[in-house]
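For the record, in the sequence shown the residue sitting at position 255 is 255 according to this note's numbering, with numbers rising by one throughout. Single-structure report; data block below.
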Amino acid sequence: MLKGKTALVTGSTSGIGLGIAKALARQGANIVLNGFGDIEGPKAEVQALGVKVAYHGADMSKPAEIEDMMKFAAAQFGRVDILVNNAGIQHVARIEDFPPEKWDAVIAINLSSAFHASRLALPAMKAANWGRIINLASVHGLVGSPEKSAYVAAKHGLVGLTKVTALESATTGVTCNAICPGWVLTPLVQKQVDAKAAAQGWSNEEATKQLLSEKEPSMQFTTPEELGELALFLCSPAANNVRGVAWNMDGGWAAQ
Ligand code: NAD
C-alpha cells in the first residue's frame, strides 16, 4: 500500500513511534527514524522488514535541528510523504511545583516540534497533492488530569494544530489527523508506574493495576501495534476524507 512512499516518524527509537514506523514499513514505506537512546536496534528491526531506513538524531526541542532533519529526509528519499509527529516527554508535578524549564521542554517537544516539522513538510506534500500528517496527541488532548499541566496543555494544543492543518489542506490530497491513546505500556508510562510503586510501596503489578483502574475502563493497555494499524488506516485511500479528527484509542477513558 505504501511502496515508494517515505515516512518520517519523530521519536521512533522506542515505544509508539517505533510501533508505527514498523507498521508503515510492513506496507512498504521507507522510513526516517528519529529519537535518542539505542539507534542500531530499532534501525535493524525496521530494516528487517525490507525497506530503506535512515536515521537523524535531531533534538525535537530545537527548530534548527528539525530543519536539518527535514532537509536530510528530502536528500535521502526525495520528500516526506507521511509525517508522524510522535516525539514526546512527560513531567508530573502540581502547577505550583512545576519547574518552568520542564514546562518549556514539554511544550517544545510535544507541541512546537509538530508545528516546525509540519510547516517544513507541507510545501512538498501540497506540490505532490498527497500527504499524511499524523499527530500523536493523547487522551490528554481531550481531557485533563492533575499534575500534568504542561502535557495536557501541549496535547490540547496539538489537537488544535491538527484541526488548523487539516483545514488549511482541506482541498488538497494532504490530510492531518490526531491519534489520542490512553495508557500504552512504553518507557514513558513505566516511569509513572515505577513512581506510583515507590510512593505507595506497591509491587509493579499492583501499581499497574491501580494506574489502569483510575482511568481506563477496559483495564487494558493499548499497544503500539494497534496504534500502528490506526496510523495505517489514516494513510489508506479509505481515509482520504478523514480530516482534522482526534481519534481516541483509550479503552473508554474519554467516554466517562
Ligand atoms: P517513549 O518514551 O517510549 O518514546 C518517546 C520517543 O521520543 C523516544 O524515541 C525518545 O527518544 C523520543 N524523544 C524524547 N525526547 C526527544 C527529543 N527532544 N527529540 C527527539 N526525540 C525525543 O514514549 P511513548 O509512550 O512511545 O510516547 C510517544 C508519544 O505518544 C508521545 O508523544 C506521548 O506523549 C504519546 N502518548 C503516549 C501514551 C502512553 O501511554 N505511552 C499515551 C498517550 C500519548
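A virtual CB, placed ideally from N, CA and C, is assigned to each residue, including glycine.
An exposed status is given to residue 204, since fewer than 16 other beta-carbon atoms sit within 10 Å of its beta-carbon. Look at residue 186: its beta carbon is less than 8 Å from one of the heavy atoms in ligand 1. Listed in chain order, the non-local C-beta contacts of residue 114 below 7 Å within the same chain comprise 85, 135, 158 and 161, local neighbours out to five positions each way being set aside. Of the other Cβ atoms in all chains shown, 16 or more fall within 10 Å of the Cβ of residue 20; this residue is therefore buried. A straight line joining the alpha-carbon of residue 72 with that of residue 214 spans about 43 Å. Under the 8 Å Cβ criterion, the stretch 93 to 105 does not count as touching the stretch 75 to 83, having fewer than three qualifying pairs.
DSSP, reduced to helix, strand and coil, places residue 155 within a helical segment of the structure shown. Boundaries around residue 41 are those of the alpha helix (DSSP H), 40 to 47, since no beta strand (DSSP E) includes it.
By the beta-carbon neighbour count (other beta carbons within 10 angstroms, threshold 16), residue 22 is buried.
Sorting 253, 240 and 254 by C-alpha distance to the C-alpha of residue 132 places 240 at the top. DSSP places residue 69 in the uninterrupted alpha helix (DSSP H) bounded by 63 to 77. With respect to residue 24, residue 55 sits apart: the two C-beta atoms are not nearer than 9 Å. Here residue 220 has 251 as same chain residues with Cβ atoms under 7 Å from its own Cβ, once five neighbours each way along the sequence are excluded.
Here DSSP, grouped into helix, strand and coil, assigns residue 181 to strand. Going by DSSP, residue 16 is part of the alpha helix (DSSP H) stretching over 15 to 26.
Residue 132: member of the beta strand (DSSP E) spanning 131 to 136, first to last residue. Of the candidates 117, 122, 41 and 229, the residue whose Cα lies closest to the Cα of residue 249 is 229. With a cutoff of 8 Å, residue 204 does not count as near ligand 1, since its C-beta is closer than that to no heavy atom of the ligand. If you draw a straight line from the Cα of residue 170 to the Cα of residue 206, it is about 47 Å long. For the set 116, 148, 26 and 29, the Cα lying nearest the Cα of residue 64 is the one of 116. Between residue 8 and residue 69, the C-beta gap is smaller than 9 Å, which places the two residues in contact. Placement of the Cβ of residue 134 at a distance of 8 Å or more from every heavy atom of ligand 1 is found. Annotation: residue 128 to residue 176 spans about 15 Å, alpha carbon to alpha carbon.
Looking at the backbone, the Cα of residue 125 and that of residue 119 are separated by about 11 Å.
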